[in-house]
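In order, the protein sequence lines correspond to chains A and B. Under this note's numbering, the first residue of the first sequence carries the number 186, and numbering increases by one thereafter. Under this note's numbering, the first residue of the second sequence carries the number 186, and numbering increases by one thereafter. Built from N, CA and C at the ideal position, the CB exists for glycine as well.
2 protein chains.
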Amino acid sequence: MTGMDTVEWLSRHEQSVWRSLLRAQSRIESELDRDLHKGSGLSLVEYGILVSLSEAEGERMRMRHLADSVIVSKSRLTHQITRLERMGHVRREPCTDDRRGYWAVLTAEGRAALDAAAPGHVAKVRERVFDRLTPEQVTVLGEIMAALEEP
Amino acid sequence: MTGMDTVEWLSRHEQSVWRSLLRAQSRIESELDRDLHKGSGLSLVEYGILVSLSEAEGERMRMRHLADSVIVSKSRLTHQITRLERMGHVRREPCTDDRRGYWAVLTAEGRAALDAAAPGHVAKVRERVFDRLTPEQVTVLGEIMAALEEP
DNA sequence: GGAATGTTGTTGAATCTTCAACCGTTCTCG
DNA sequence: CGAGAACGGTTGAAGATTCAACAACATTCC
Chain A
186 MTGMDTVEWL
196 SRHEQSVWRS
206 LLRAQSRIES
216 ELDRDLHKGS
226 GLSLVEYGIL
236 VSLSEAEGER
246 MRMRHLADSV
256 IVSKSRLTHQ
266 ITRLERMGHV
276 RREPCTDDRR
286 GYWAVLTAEG
296 RAALDAAAPG
306 HVAKVRERVF
316 DRLTPEQVTV
326 LGEIMAALEE
336 P
Chain B
186 MTGMDTVEWL
196 SRHEQSVWRS
206 LLRAQSRIES
216 ELDRDLHKGS
226 GLSLVEYGIL
236 VSLSEAEGER
246 MRMRHLADSV
256 IVSKSRLTHQ
266 ITRLERMGHV
276 RREPCTDDRR
286 GYWAVLTAEG
296 RAALDAAAPG
306 HVAKVRERVF
316 DRLTPEQVTV
326 LGEIMAALEE
336 P
């Protein structure tokens, strides 16, 4: 089916690392998401979108670029931005120089929601991740994740 | 609101590590999920469930324990098992010694589906993760994830 | 025994995500 | 120029997830 005759299985050690990784990933994400949502009504993805917008020139981004930046499909971003628009955090503006495109623009309310959510969220990230690691581990983690994040 | 006066923000370096981590996480998960699904019709969570069952005594687990083991809510597991049951990969059996409970039992078809899916999936994990890291990095990653996975 | 309390697991509705099809615009290139 | 390919974004329906409420059984403790 796959064209492979033999499979190189994971070693015992690799397997245990891999499973730790999966559990850690899933715990971190669900805890952060739960707390963020409880504290601010935002999901992690929504928070990420607002962060991206807030750091962009003019607090605005093209849909495509925004989708890439938060690693989400075009379609999902469309729906998500529609919801954020309904919440008043974002507004759509047609793009003048490319008539296919739209800008997603951070509104004042969106900026306020982000500012309100950030402290608690950052505190959780610190507590859930950085407080558990030594500075050396953080450095190595950075190197590892840099290697893993590329396409 | 949170009772905190000042926030300890992330340092520049911590922030960059954190964002790498988020991107790596989301890339790895979505790629593995996509490939697994394409190759076997299973989602990552379904695959995880089948793996857990396959390693359990009698290839069966109580719902509660299974939910904890794959880190998913009871409710989500119920729906998920219903789907897996519909696919023929799992069957439910009432628990004899605790009449509230059910066993989720791996069927022969489920075992076969898992065996068929595993080689390709493992190959992807290797390619997407372990091949990019030195043995030392893998070891440190294991230590880090061990620290991060606990509750 | 039996009332409170805690567990297990399910349900259904609301919400969110995915997937494939689609429309209009821009780009490419003979 | 103009036909076709590629891009940017949306749509709607199907499928998955969450959330709060619930039913059934088990445990505790008087």
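For residue i, the three-state DSSP class (helix, strand or coil)
i	result
B/THR187	Only weak support exists for where B/THR187 lies, its pLDDT of 47 falling under 50; the coordinates are left without a value.
B/ARG285	coil
A/TRP194	coil
A/VAL323	helix
A/GLU335	coil
B/LEU227	coil
A/VAL314	coil
A/SER239	helix
A/VAL307	helix
Pairwise C-alpha distance: residue j and residue i
i	j	result
B/HIS330	B/ARG212	At residue 330 of chain B the sequence reads Met, which differs from the His that was named. Each residue's Cα considered, the two are about 18 Å apart.
B/THR267	B/HIS274	10 Å
B/GLY233	A/ASP283	45 Å
B/PRO279	B/SER260	18 Å
A/LEU195	B/HIS306	11 Å
B/LEU299	B/LEU235	7 Å
B/MET248	B/GLY295	17 Å
A/GLU207	B/LEU206	Sequence check: residue 207 of chain A is Leu here, not Glu. In a straight line, the C-alpha of A/LEU207 is about 13 Å away from that of B/LEU206.
B/HIS264	B/GLU270	10 Å
B/THR187	B/TRP203	Residue placement at B/THR187 is poorly supported in this model, since its pLDDT is 47, which falls under 50; the coordinates still yield a value, given next. Cα to Cα, the separation comes out at about 23 Å.
A/VAL230	B/LEU227	24 Å
A/SER254	B/THR281	52 Å
B/LEU221	B/ALA308	11 Å
Residues sharing a beta bridge with residue i, DSSP
i	result
B/LEU270	Checking the displayed sequence, the identity of residue 270 of chain B turns out to be Glu instead of Leu. BP columns for B/GLU270 are empty, so no partner.
B/LEU291	B/VAL275
B/ARG296	Bridge partners of B/ARG296: none, in fact.
B/ARG245	B/VAL290
Candidates the options: closest to residue i by CA position
i	options	result
A/PRO304	A/GLY224, A/PHE315 and A/THR191	A/GLY224
A/ARG277	A/SER254, A/LEU238, A/SER258 and A/VAL255	A/LEU238
B/GLU199	A/THR191, A/ARG208, A/VAL310 and A/GLU335	A/VAL310
B/HIS192	A/GLU214, A/GLU334 and A/ALA301	Per the sequence presented here, residue 192 of chain B reads as Val, with His not at that position. Residue A/ALA301 is the option with its Cα nearest to B/VAL192.
B/GLU334	A/ARG245, A/GLN210 and A/MET272	A/GLN210
B/SER258	A/HIS264, A/SER215 and A/ALA293	A/SER215
A/ALA293	A/GLU328, A/MET272, A/LEU221 and A/GLN322	A/MET272
A/GLN322	B/LEU326, B/PRO320 and B/THR319	B/LEU326
A/TYR287	A/ALA308, A/MET246 and A/ASP316	A/MET246
B/ARG317	A/GLU312, A/PRO336 and A/LEU291	A/PRO336
B/GLY243	B/ALA297, B/GLU328 and B/ALA289	B/ALA289
B/LEU291	B/GLU240, B/LEU217, B/ARG313 and B/GLU328	B/GLU240
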